[in-house]
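**Student:** Final position of the sequence shown in the working numbering is 303; the numbers increase by one with none missing. Even glycine gets a Cβ: it sits at the ideal position worked out from N, Cα and C.
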Amino acid sequence: MTDGDGRAASGLTDGLSGWLRGWRPAVSMASRNLRRNRVRTVLAVLGVCIGVLAVAALGIFGNVLALGADDAIGDIGTQVVVSPNNDAGVESLSDADVASIRRAVG
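1) Secondary structure at Val279, three-state DSSP: helix, strand or coil?
2) How far does the alpha helix (DSSP H) with Ser289 in it reach, from first residue to last?
3) Can you tell me whether Gly303 is helix, strand or coil according to DSSP?
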């Protein structure tokens, strides 16, 4: 199927040459606008660079914290000592307490 000029009506059937015909004007206009607004271009590039560096720095910072926590917990994990709690403050019953309980029970 062709249009009035004998070219394919669909951009999909034009192949690579049709894609390049649409690509070149877009690149030309983009480069012209980048040259016209140099300050805006520099600020945009600077903003993208700062954003990428900030995301990378946060990722690295998170990994460093995770590794530090793993090392600290790993060192503590090998030094754990489990012992019974002898200092709970529980005292045994005196003879007077036992006699009092026996009187109460009957």
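**Tutor:** Short version:
1) Val279 falls in the coil class under three-state DSSP.
2) Counting along the chain, Ser289 falls outside any alpha helix (DSSP H), and DSSP gives it neither H nor E.
3) Here Gly303 sits in coil by DSSP.
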